[in-house]
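K.L.:
One structure, pasted below without further comment.
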Amino acid sequence: MKNIFLIIAITLFSYASTAQDADAIIGVWEPSHGKAKVKIEKIGEKYYGKIVWLKEKIDPETGERKVDKNNPDESMRNVPLLGYRILKDFEHVGDGTWENGTIYDPENGKTYSCVINMKDENTLDIRGYVGVKTFGRTDTWKRLVIKNKK
Amino acid sequence: MKNLAICFFGLMLLGSGQLCFSQVEDEGEEKEEDYSIYDDYELKDDTPVKRYASPKIKGMSPRKFISLGYDIQLPYDYEFSNVRFPQDANGFDVDEDNPNVNETGTIDYTGGIRFGSNIPIISKTSFVWQSGINYLDTRYNISPENNSPETVTLSNGRQARSLARILDEDGLRNLNWSNTFFFPLNEKEFFVFRGQMDLSGNYSLDDFQPLNTIRYSAAVVYGRRINDYYRWGIGVARTYRVGALNYVPVIMYDWTSKNKKWGTEILFPARAYVRYNINNNTMLLGGFDLQGQSYRIDDYSINGNSFEIRRGEARPKLQLQTKVTNFVWASIEAGYRINWSYDADQLEGNNDFFRGFFGDQQFVMINEINNPFYFNISLNFVSP
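Residue numbers (the working numbering), protein chains in the order written: chain Y, 32 to 181; chain F, 23 to 406.
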């Protein structure tokens, strides 16, 4: 009986620990260009990231708020970039890695396959790629928090 | 103990319940979220973030990872001079202005496959290294005039095929390995370094020419990325693009209009294009390429020397690039091939020399080829 309890306890503990590791990605992050902030959250069993802040909120060409004007789907071109989900469908596969997701680049309207690696608790390596991981580019994102105001 | 286990299960269930609850909250809060709260978010890690210039600007033509194409020139006439070597006290004794023409005729077909690759080995914000193998196969179908000889006599008394026969039977090949490094210094400044090794000649893939005939090119450019639409750079290159070894200044000027319709892609003198983006998936480029290499002709390379055709050409052209599927683009190109040089040098001991634009070293062979229209099509695996 003691052994059964021990096995169950270890299983549950490791499950809880894995879930905690998987959720380490949740938070607000800044891509290397510093022009946006992206909030990564969990919906169901997958992870998604949406733009929650833009350095330049107004499109200088139109004088209106920035929209997804490069989207290949014309019906999406009036959707505001603020709140837009650019990271989709990521699954935690262990070892600080989230895979099987996509990243959308509003600059050119293209969607790339993507893998996320957590370098440390405040740093993500986000690699967008075409076909296989070799054909891609890695961007480093840093974690953002609200700091206590003095 | 039993109670403890039940309690543990209970806590786990409660935990999962909270998780489910928070998920529902997350989904529901999308429309109501007050984004102004994110103004106050700051980097958790106090280490200053170093930002780097991106290796491209908006609106540029897609970067080609892998390319497979075919190049063909329309018929044109040729005149090849005597093969005069080795050098004596009077030089090669070739009258460069009025060479003694030995072979004449028409080149009915000039064409072959073009394979290119440019694979990211390291591609990070702070550093990009791309490496690629490229292969250019040029085949000829030549109709010599009746009085053109089929053989020539070399200085060692041996008979060798005429140059027209060599080109007709062997063609010319270029195999090269290029490496490009992009070093951003900060958000504005960057360096680009490119090195390339070329093996060019009438060799076949199962019988390479000596590796000491590899020719080395390099270029370094210092650039400034002014904004997302414009960057410029200056540098210097050691190049074989005009056939023979040369050192030339390099100017980079990439610009895109704010509406992304117009732009330039210039890395002078290697290439310079004006770009018109018809839509997100199709663009038209007009401009020119400078192409060339030093091609060893094995039959004439005797006594430890290398006999090399300094093939250089300018190609003013129009090129249409259009998306086929998501990451596969087609390129259709038409233009005019203008001969810059098809003359030949003899390199003693395979060692190259610098003539530049003003050097007075004599050529071994003076060749004239006329200028035809050409066409090129390719299918490219790209990063848009």
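Ideal placement from N, C-alpha and C gives every residue a C-beta, glycine not left out.
On a predicted model such as this, the values are computed, not experimentally measured, just so you know.
1) I'd like to know if the stretch 358-369 of chain F and the stretch 341-348 of chain F are in contact, where contact means that at least 3 CB-CB pairs between them fall below 8 angstroms.
2) Could you tell me the boundaries of the alpha helix (DSSP H) in which E191 (chain F) lies?
3) Please report the distance separating the alpha-carbon of L35 (chain F) from that of I57 (chain Y).
4) How would you label Q181 (chain F), buried or exposed, when you count the other beta carbons within 10 angstroms and need 16 or more for buried?
5) Nearest-angstrom Cα distance between A366 (chain F) and Y322 (chain F)?
6) Please classify G50 (chain F) as buried or exposed, where buried requires at least 16 neighbouring CB atoms within 10 angstroms.
7) Give me the Cα-Cα distance between L155 (chain Y) and Q218 (chain F), rounded to the nearest whole angstrom.
8) Report the residue from F:K210, F:L197, F:I248 and F:F213 whose alpha carbon sits nearest the alpha carbon of R237 (chain F).
9) First and last residue of the beta strand (DSSP E) that includes R333 (chain F)?
10) Can you give the Cα-Cα distance for G334 (chain F) and L312 (chain F), rounded to whole angstroms?
11) Hey, N201 (chain F) and S145 (chain F) are a contact pair by Cβ (cut 8 angstroms); roughly how many whole angstroms apart?
12) Measuring CB atoms only, is the stretch 94-103 of chain F touching the stretch 235-250 of chain F, in the sense that at least three cross pairs come out at less than 8 angstroms?
13) Measuring CA to CA, which of F:G138, F:T132, F:G308 and F:I59 is closest to N402 (chain F)?
14) When the cut-off is 8 angstroms and only beta carbons count, does F121 (chain Y) lie next to chain F?
15) Hey, would you say D54 (chain Y) sits closer than 8 angstroms to K77 (chain Y), going by beta carbons?
16) Classify R96 (chain Y): buried if its beta carbon has 16 or more other beta carbons within 10 angstroms, exposed otherwise.
17) Would you mind telling me which residues of chain Y sit closer than 7 angstroms to D130 (chain F), beta carbon to beta carbon, in chain order?
18) Should Y298 (chain F) and W284 (chain F) be called a contact, given that it needs their Cβ atoms to be closer than 8 angstroms?
19) So, for N325 (chain F): in the same chain, excluding its five sequence neighbours on each side, which residues have a beta-carbon less than 6 angstroms away from its beta-carbon?
20) Take P91 (chain Y) and list the residues in its own chain whose beta-carbon comes closer than 7 angstroms to its own, dropping the five residues that flank it on each side.
21) If you reduce the DSSP assignment to three classes, tell me which class N156 (chain F) lands in.
22) If contacts are defined as beta-carbon pairs under 8 angstroms, then N109 (chain Y) and F121 (chain Y) qualify, I think. What distance do you get, rounded to the angstrom?
23) If you measure beta-carbon to beta-carbon, which residues of the stretch 61-74 of chain F are closer than 8 angstroms to chain Y?
24) Thinking C-alpha only, which one of F:E390, F:M274 and F:Q368 is nearest Q383 (chain F)?
25) Need the endpoints of the beta strand (DSSP E) that M305 (chain F) sits in, please.
26) Under 7 angstroms, CB to CB, which of the residues in the stretch 190-213 of chain F have a partner in chain Y?
27) Taking Cβ positions only, does I89 (chain Y) come closer than 8 angstroms to chain F?
28) For the stretch 388-398 of chain F and the stretch 60-74 of chain F, state whether three or more C-beta atom pairs, one from each stretch, are separated by less than 8 angstroms.
29) Between which two residues does the beta strand (DSSP E) containing D278 (chain F) stretch?
30) Could you check whether the stretch 370-389 of chain F touches the stretch 268-275 of chain F, counting it as contact only if at least three pairs of C-beta atoms, one from each stretch, sit closer than 8 angstroms?
31) Rounded C-beta distance between T132 (chain F) and Y162 (chain F)? I'm assuming under 8 angstroms.
32) Taking K173 (chain Y) as the query, report the chain F residues whose CB atoms sit under 8 angstroms from its CB, ordered along the chain.
33) Whose C-alpha, out of F:N208, F:A292, F:P338 and F:P97, is nearest the C-alpha of L307 (chain F)?
34) If you follow the beta strand (DSSP E) that R96 (chain Y) is in, where does it begin and where does it stop?
35) At 8 angstroms on the CB atoms, spell out the chain F contacts of V146 (chain Y), in chain order.
36) Could you list which residues in chain Y have their beta carbon closer than 7 angstroms to that of N361 (chain F), in chain order?
P.N.:
Here's the rundown:
1) no
2) L185 to D192
3) The predicted position of L35 (chain F) is uncertain, since its pLDDT is 36 and thus under 50; a value taken from the coordinates is nonetheless stated next. About 22 angstroms.
4) exposed
5) 11 angstroms
6) Summary for G50 (chain F): the model assigns pLDDT 36, below 50, so the residue's position carries little reliability, and this model does not support an answer.
7) 34 angstroms
8) F:L197
9) S328 to T347
10) 7 angstroms
11) No, N201 (chain F) and S145 (chain F) are not in contact; Cβ-Cβ is about 13 angstroms, not under 8 angstroms.
12) no
13) F:G138
14) no
15) no
16) exposed
17) Simply none; closest approach about 39 angstroms.
18) yes
19) none
20) none
21) strand
22) Contact flag wrong, Cβ pair sits at about 27 angstroms.
23) D61, D62, Y63, E64, L65, K66, D67, V71, R73 and Y74
24) F:Q368
25) T304 to R318
26) none
27) no
28) no
29) One detail in the question is off: residue 278 (chain F) reads as Thr in this sequence, not Asp. Where T278 (chain F) is concerned, the enclosing beta strand (DSSP E) stretches over A266 to T278.
30) yes
31) 6 angstroms
32) L65, K66, D67 and V71
33) F:P338
34) It is not in any beta strand (DSSP E) - R96 (chain Y) carries neither H nor E in the DSSP assignment.
35) Ordered by position in chain F, no residue passes the 8 angstroms Cβ test against V146 (chain Y), which lies about 13 angstroms from the chain.
36) Neighbours of N361 (chain F) on chain Y: none; closest Cβ ~37 angstroms, over 7 angstroms.
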